[in-house]
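*Asks:*
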Amino acid sequence: LKLYCNNPEAGVLERNRINSLKKLLFSNDDLNSDKILNDLQNLSPDLIVLAGFLKKIPEKIVDLYRNKIVNIHPSLLPKYGGKGMFGINVHKAVIDNNEEYSGFTIHYVNKNYDEGDIIFQKKIIIDTENPVDLAKKILVEEHKYYPQIIENILNES
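Sequential numbering from 3 applies to the sequence shown in the numbering used here.
#1: With H, G and I counted as helix, E and B as strand and the rest as coil, what does DSSP make of glycine 89?
#2: Can you find the residues in the same chain that come closer than 8 Å, C-beta to C-beta, to asparagine 69, ignoring five residues on each side of it along the sequence?
#3: Quick one: grab the DSSP three-state call for asparagine 157.
#4: The alpha helix (DSSP H) with leucine 3 in it runs from where to where?
#5: Helix, strand or coil: how does DSSP classify isoleucine 59 here?
#6: Could you tell me if serine 104 is buried or exposed, where buried requires 16 or more neighbouring beta carbons within 10 angstroms of its beta carbon?
#7: Does lysine 113 pass the burial test, meaning 16 or more other C-beta atoms within 10 Å, or should it be called exposed?
#8: Let me check one thing: in DSSP terms, what residues is serine 29 bridge-paired to?
#9: Suppose the cutoff is 6 Å on Cβ atoms and the five residues either side in sequence are ignored; what does the same chain contact list for leucine 79 look like?
#10: Rounded to whole angstroms, what's the CA-CA distance from asparagine 44 to leucine 66? Just pull it up for me.
#11: Going by the beta-carbon positions, is the gap between isoleucine 2 and isoleucine 71 smaller than 7 Å?
#12: Here's a check: name, in chain order, each residue in its chain whose Cβ is nearer than 6 Å to the Cβ of asparagine 8, leaving out the five neighbours to either side.
#13: Compute the Euclidean distance between the alpha carbons of isoleucine 59 and isoleucine 38, then round it to the nearest angstrom.
#14: In whole angstroms, give me the CA-to-CA distance for arginine 76 and asparagine 40.
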């Protein structure tokens, strides 16, 4: 198990101090060099789990780890996915379009933003016109389901 992070201010790094996982803090330039690829090849992971990672994964990594990279997205894909559709942007768009439901999607990563095969979706009734409140409601559900789905994937492989 290893933690890769491109944000030196990420809360997960503070939590990692308690768990003392191996970690690699990397820059955006590192992502597009062979540094991450080489490190992953040495690690030989069963699964790569993304959370809050807004960069596009290089094709050479996606190709090498096909159906081994999972991501979570705060909408019911294919709606409200793609470049620029993250965080509060998604929730504003959902509310602006008067959607009855929102939710989240856990999916495999491919070469295009938010277009990989869907693993799991959770539909949530929209009961607010405030995108921040909607984001909080969805995040609670994401935290509940993401670990379970990751465990299921690992148990199936």
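The beta-carbon is built from N, C-alpha and C at its ideal position, and this holds for glycine as well.
*Replies:* Taking the coordinates as given:
#1: Residue mapping note: residue 89 aligns to position 87 of the sequence shown, counting from 1. Per DSSP, reduced to three states, the secondary structure at glycine 89 is helical.
#2: In the sequence shown, counting from the first residue as 1, residue 69 sits at position 67. Excluding residues within five positions, the ones whose Cβ falls inside 8 Å are Tyr110 and Asp119.
#3: Against the sequence shown, residue 157 aligns to sequence position 155. Residue state, collapsed to three classes: helix.
#4: For this step, residue 3 is matched to residue 1 along the sequence shown. Taken as a continuous stretch (DSSP letters only), leucine 3 belongs to no alpha helix (DSSP H), as it is neither H nor E.
#5: The residue labelled residue 59 in the question sits at position 57 within the sequence shown. Isoleucine 59: coil per DSSP, three-state reduction.
#6: The residue labelled residue 104 in the question sits at position 102 within the sequence shown. By the neighbour-count rule (16 or more Cβ atoms within 10 Å), serine 104 is buried.
#7: Within the sequence shown, the letter at position 111 stands for residue 113. Lysine 113 should be labelled exposed.
#8: As a working note, residue 29 is residue 27 in the sequence shown. Paired residue(s): none; serine 29 is not in a bridge.
#9: Within the sequence shown, the letter at position 77 stands for residue 79. Closer than 6 Å at Cβ, skipping near neighbours: Thr107 and Asp116.
#10: Indexing the sequence shown from 1 puts residue 44 at position 42. Indexing the sequence shown from 1 puts residue 66 at position 64. Asparagine 44 and leucine 66: Cα-Cα distance of roughly 13 Å.
#11: Not covered by the structure: residue 2. The range shown for the chain is 3 to 159.
#12: Numbered from 1 along the sequence shown, position 6 holds the residue referred to as residue 8. Phe28.
#13: Numbered from 1 along the sequence shown, position 57 holds the residue referred to as residue 59. Numbered from 1 along the sequence shown, position 36 holds the residue referred to as residue 38. So the two alpha carbons sit approximately 10 Å from each other.
#14: As a position in the sequence shown, residue 76 is number 74, starting the count at 1. As a position in the sequence shown, residue 40 is number 38, starting the count at 1. Looking at the sequence provided, one finds proline at residue 76 rather than arginine. Near 30 Å, if we compare the C-alpha coordinates of asparagine 40 and proline 76.
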